[in-house]
Amino acid sequence: QKEVEQNSGPLSVPEGAIASLNCTYSDRVSQSFFWYRQYSGKSPELIMSIYSNGDKEDGRFTAQLNKASQYVSLLIRDSQPSDSATYLCAVGDQGAQKLVFGQGTRLTINP
Amino acid sequence: DTEVTQTPKHLVMGMTNKKSLKCEQHMGHRAMYWYKQKAKKPPELMFVYSYEKLSINESVPSRFSPECPNSSLLNLHLHALQPEDSALYLCASSQEDGTRGNQPQHFGDGTRLSIL
Chain A
862 QKEVEQNSGP
872 LSVPEGAIAS
882 LNCTYSDRVS
892 QSFFWYRQYS
902 GKSPELIMSI
912 YSNGDKEDGR
922 FTAQLNKASQ
932 YVSLLIRDSQ
942 PSDSATYLCA
952 VGDQGAQKLV
962 FGQGTRLTIN
972 P
Chain B
21 DTEVTQTPKH
31 LVMGMTNKKS
41 LKCEQHMGHR
51 AMYWYKQKAK
61 KPPELMFVYS
71 YEKLSINESV
81 PSRFSPECPN
91 SSLLNLHLHA
101 LQPEDSALYL
111 CASSQEDGTR
121 GNQPQHFGDG
131 TRLSIL
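Chain order of the listed sequences is A and B.
Take 862 as the starting number for the first sequence in our numbering and just add one per residue.
Take 21 as the starting number for the second sequence in our numbering and just add one per residue.
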């Protein structure tokens with residue numbers, strides 16, 4: 862059973878600080894990693910994709926991947942109250958055409 | 021604005037009703053997905069269509085019947101649902117690219133379904 866683990870939170874971060882969200886996965890051969898943001902009552906929104914070891918930056922968001930440690934993270938710089946949401950880590954299942962989702966981390970940015 | 025459009029946004033139905041959920045995408049994606057999501061849980065995969073053919077059925081009860089009329093459209097036919105089927109139903113689509121592993125999935129806004 863392929864698994865993706867996330868701390869469910871809630872994670873509280875003061876406005877303007879860096880929010881750090883972490884995810885580990887069990888399938889060593891995984892090649893595709895995604896972060897989705899989901900506001901309450903809304904659908905998941907893709908915010909980052911990462912396929913190679915290292916960092917990938919997009920605006921205030923940085924995804925970090927370490928395949929040797931089977932670890933992927935998302936950093937949000939200069940956190941804003943609008944960043945308050947549940948963040949879902951998803952890992953591509955190489956053997957099937959689907960994503961394996963973590964349980965999600967609920968993030969709250971405090972003004 | 022989402023590029024995956026789902027209708028209706030809300031649906032209330034009785035346990036004996038028959039209804040359909042619709043999904044449309046115009047991104048040229050060849051893979052489409054149905055998910056079910058309960059509150060405070062991640063999306064749960066139901067079906068995958070690849071090039072208009074059903075490729076994955078995650079042991080979904082037969083009261084849910086998917087259909088893919090063409091590469092842009094995906095339907096989910098509902099019949100004799102149970103109260104526990106009340107949830108947010110999400111459609112997603114993605115490109116097909118076997119060279120890079122799985123491609124990101126783009127979700128529609130969902131249909132919130134309530135079974136009375």
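Using N, Cα and C, we set each Cβ at its ideal position, and we do this for glycine too.
Sort the options by Cα distance to residue i and report the nearest one.
i: residue 131(B); options: 125(B), 106(B), 116(B); result: 106(B)
i: residue 96(B); options: 49(B), 23(B), 43(B); result: 43(B)
i: residue 113(B); options: 891(A), 906(A), 911(A); result: 906(A)
i: residue 80(B); options: 60(B), 62(B), 101(B), 88(B); result: 101(B)
i: residue 136(B); options: 50(B), 83(B), 69(B), 34(B); result: 34(B)
i: residue 918(A); options: 935(A), 902(A), 927(A); result: 935(A)
i: residue 968(A); options: 937(A), 953(A), 865(A); result: 937(A)
i: residue 152(B); options: 61(B), 74(B), 83(B); result: Residue 152(B) lies beyond the stretch modelled for chain B, which goes from 21 to 136, so this question has no answer here.
i: residue 53(B); options: 103(B), 71(B), 37(B); result: 71(B)
i: residue 910(A); options: 971(A), 947(A), 962(A), 951(A); result: 951(A)
i: residue 64(B); options: 888(A), 927(A), 949(A); result: 949(A)
i: residue 900(A); options: 908(A), 926(A), 885(A); result: 908(A)
i: residue 966(A); options: 115(B), 23(B), 91(B), 61(B); result: 61(B)
i: residue 942(A); options: 875(A), 889(A), 868(A); result: 875(A)
i: residue 944(A); options: 888(A), 880(A), 870(A); result: 880(A)
i: residue 78(B); options: 93(B), 89(B), 29(B), 55(B); result: 55(B)
Beta-carbon of residue i versus every beta-carbon of chain B: anything under 8 Å?
i: residue 958(A); result: yes
i: residue 907(A); result: yes
i: residue 964(A); result: yes
i: residue 904(A); result: yes
i: residue 910(A); result: yes
In terms of residues, what are the limits of the beta strand (DSSP E) holding residue i?
i: residue 70(B); result: 64-70
i: residue 953(A); result: 946-954
i: residue 892(A); result: Where residue 892(A) is concerned, there is no enclosing beta strand (DSSP E), given that its DSSP letter is neither H nor E.
i: residue 904(A); result: No beta strand (DSSP E) holds residue 904(A); DSSP gives it neither H nor E.
i: residue 114(B); result: 107-114
i: residue 24(B); result: 24-27
i: residue 866(A); result: 865-867
i: residue 912(A); result: Segment: none, residue 912(A) is in no beta strand (DSSP E) and carries neither H nor E.
i: residue 89(B); result: 84-90
Along chain B, which residues have their Cβ under 8 Å away from the Cβ of residue i?
i: residue 954(A); result: 122
i: residue 922(A); result: Correct list: empty, because the minimum Cβ distance to chain B is about 14 Å.
Going along chain A, which residues have a C-beta under 9 Å from residue i?
i: residue 70(B); result: 958
i: residue 79(B); result: Here the premise fails: no neighbours, minimum Cβ distance about 13 Å.
i: residue 110(B); result: 904, 905
Mind pulling the chain B residues with CB within less than 9 Å of residue i?
i: residue 949(A); result: 62, 63
With which residues is residue i paired in a DSSP beta bridge?
i: residue 37(B); result: Looking at the DSSP assignment, residue 37(B) forms no beta bridge with any residue, so it has no partner.
i: residue 1035(A); result: Examination of residue 1035(A) is not possible in this model, given that chain A is present from 862 through 972 alone.
i: residue 50(B); result: Note: residue 50(B) sits in no beta bridge, so no partner.
i: residue 959(A); result: 954(A)
i: residue 875(A); result: 971(A)
i: residue 32(B); result: 134(B)
Applying a beta-carbon distance threshold of less than 8 Å, which residues of chain A neighbour residue i?
i: residue 101(B); result: Within 8 Å Cβ-Cβ: nothing; residue 101(B) doesn't reach chain A, min ~21 Å.
Less than 8 Å between CB atoms is the rule here; does residue i satisfy it with respect to chain E?
i: residue 98(B); result: Among the protein chains of the structure shown, namely A and B, there is no chain E.
Please confirm whether residue i has its beta-carbon closer than 8 Å to some beta-carbon of chain A.
i: residue 107(B); result: no
i: residue 75(B); result: yes
i: residue 127(B); result: yes
Taking residue i as the query, report the chain A residues whose CB atoms sit under 7 Å from its CB, ordered along the chain.
i: residue 130(B); result: 904
Answer yes or no: the CB of residue i versus the heavy atoms of the ligand PLP, is any distance below 7 Å?
i: residue 950(A); result: Looking for the ligand PLP in the displayed structure turns up nothing, as the structure carries no ligands at all.
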